[in-house]
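Participant: Counting in the numbering used here, the sequence shown runs without a single skipped number right up to 130 at its last residue. The C-beta atom is built at its ideal place from N, Cα and C for all residues, glycine as well.
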Amino acid sequence: MQFDHAGIATDDADALAEQYAALFDATVAHEERFDGMTVVFLDLGNGFFEVLEPLDDEGAIASYLDRNGPGIHHLAVATDDVEAALARAREAGVELIDEEPRGGAWGHDVAFLHPESTGGVLLEFVEH
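1. Report yes or no: do three or more beta-carbon pairs, one from the segment 96-108 and one from the segment 57-69, lie closer than 8 Å?
2. Consult DSSP for Glu-94 and reduce its assignment to one of helix, strand or coil.
3. Considering just the uninterrupted stretch of the alpha helix (DSSP H) at Ala-107, what are its terminal residues?
4. Along the chain, where does the alpha helix (DSSP H) that runs through Leu-25 open and close?
5. Mind checking Phe-26: buried by the 16 CB within 10 Å criterion, or exposed?
6. Would you kindly work out how many angstroms separate the C-alpha atoms of Met-39 and Gly-49, rounded to a whole number?
7. Thinking just about the alpha-carbon of each residue, which of Leu-54, Arg-35, Leu-46, Trp-108 is nearest to the one in Asp-14?
8. Could you name the residues of the same chain whose beta carbon sits closer than 8 Å to that of Ile-10, not counting the 5 residues immediately before and after it, in chain order?
9. Classify Phe-5 as buried or exposed, calling it buried when 16 or more other Cβ atoms lie within 10 Å of its own Cβ.
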């Protein structure tokens, strides 16, 4: 496994992506509307920033922004096998948000681990 991306919640994905592109000399690798969000992936060379803006007042990112304001929402680790990674987490006693992989942004399979079991950090497995 290796680091894949940091998901960053914001009220303005375009402005934050533009700022990060200039600040880190990063390029937009992928952009889409997915699951009630605008999602922008910025390529940092050895991983990505995934900028997340809710399209309405519903959903996980909108709720996160209401509770916490803008900032890091989650960290993602790339794996060749999300199901095996979930099995390993389950065996380690980690509480799973997703019992099975689901479709994520950019067409990837993903699964999330509950932050109460991972030191207060929402973690995501992502399979490219």
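Facilitator: According to the data block:
1. no
2. As a working note, residue 94 is residue 92 in the sequence shown. The question names Glu, yet the displayed sequence has Ala at residue 94. Note: Ala-94 maps to coil in three-state DSSP.
3. Position 105 of the sequence shown, counted from the start, is the residue given in the question as residue 107. Where Ala-107 is concerned, there is no enclosing alpha helix (DSSP H), given that its DSSP letter is neither H nor E.
4. Along the sequence shown, one-based indexing puts residue 25 at 23. It spans 15-26 - the alpha helix (DSSP H) in which Leu-25 sits, taken as one unbroken run.
5. Here residue 26 refers to the residue found at position 24 of the sequence shown. Its Cβ having fewer than 16 others within 10 Å, Phe-26 is exposed.
6. Residue mapping note: residue 39 aligns to position 37 of the sequence shown, counting from 1. Residue mapping note: residue 49 aligns to position 47 of the sequence shown, counting from 1. So the alpha carbons of these two residues sit roughly 21 Å apart.
7. Locating residue 14 in the sequence shown gives position 12, where the first residue counts as 1. Closest by alpha carbon: Leu-54.
8. In the sequence shown, the residue the question calls residue 10 occupies position 8. Within the same chain, Ile-10 has close Cβ partners Leu-18, Phe-51, Glu-52, Val-53, Leu-54, Pro-72, Gly-73, Ile-74, His-75.
9. Taking the sequence shown and counting its residues from 1, the one referred to as residue 5 is at position 3. So Phe-5 counts as exposed.
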